[in-house]
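Worksheet for the structure shown next.
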């Protein structure tokens with residue numbers, strides 16, 4: 008992840024490959040690994056970290072599609088994007104993730120309501136923009 012200052016130094020075509028984190032943070036979907044501390048303590052610590060993450064840009068390639076059951080990383084890596092709205096989210100998968108990791112996306116969303124949204128650069132999140 009990089010700061011907006013670094014992101015703006017990239018050329019336009021490169022910037023289109025990057026995604027914002029505003030929605031992931033505010034929705035409660037983005038989680039950090041819990042180092043086995045009490046939930047209330049972790050919620051405060053994670054929420055503070057999210058205040059920094061919300062303004063960062065990311066570029067992620069997936070090499071191994073484990074959800075398909077592949078035993079090895081097959082084919083070319085895939086450039087991934089980040090959700091930017093509730094209508095894009097496969098909520099059944101989020102529920103499965105929440106159960107697997109013992110988290111509650113809706114509680115995280117509520118805890119992060121006070122985090123101020125950022126102005127997202129127009130070149131980011133191209134995966135969701137109509138061409």
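In the working numbering, the protein residues as written are 8 to 138.
Ideal Cβ placement from N, Cα and C applies to all residues, glycine included.
Predicted model, so just to flag it, every value in this text is computed and none were measured.
Membership of residue 83 in any beta strand (DSSP E) is not indicated, and neither H nor E is assigned to it by DSSP. By the criterion of a C-beta distance shorter than 6 angstroms, residue 25 is surrounded in its chain by 64, 66 and 131, once the five residues flanking it on both sides are discounted. Taken in chain order, the complete beta strand (DSSP E) segments of 3 residues or longer contained in the stretch 28 to 83 are 67 to 69. With a cut-off of 8 angstroms on Cβ pairs, the stretch 81 to 99 is not in contact with the stretch 44 to 61, counting fewer than three such pairs. Looking at the DSSP output, residue 26 sits in a beta bridge with 65. Burial is judged here by how many other beta carbons sit within 10 angstroms of a residue's own beta carbon; residue 124 has fewer than 16 and is exposed.
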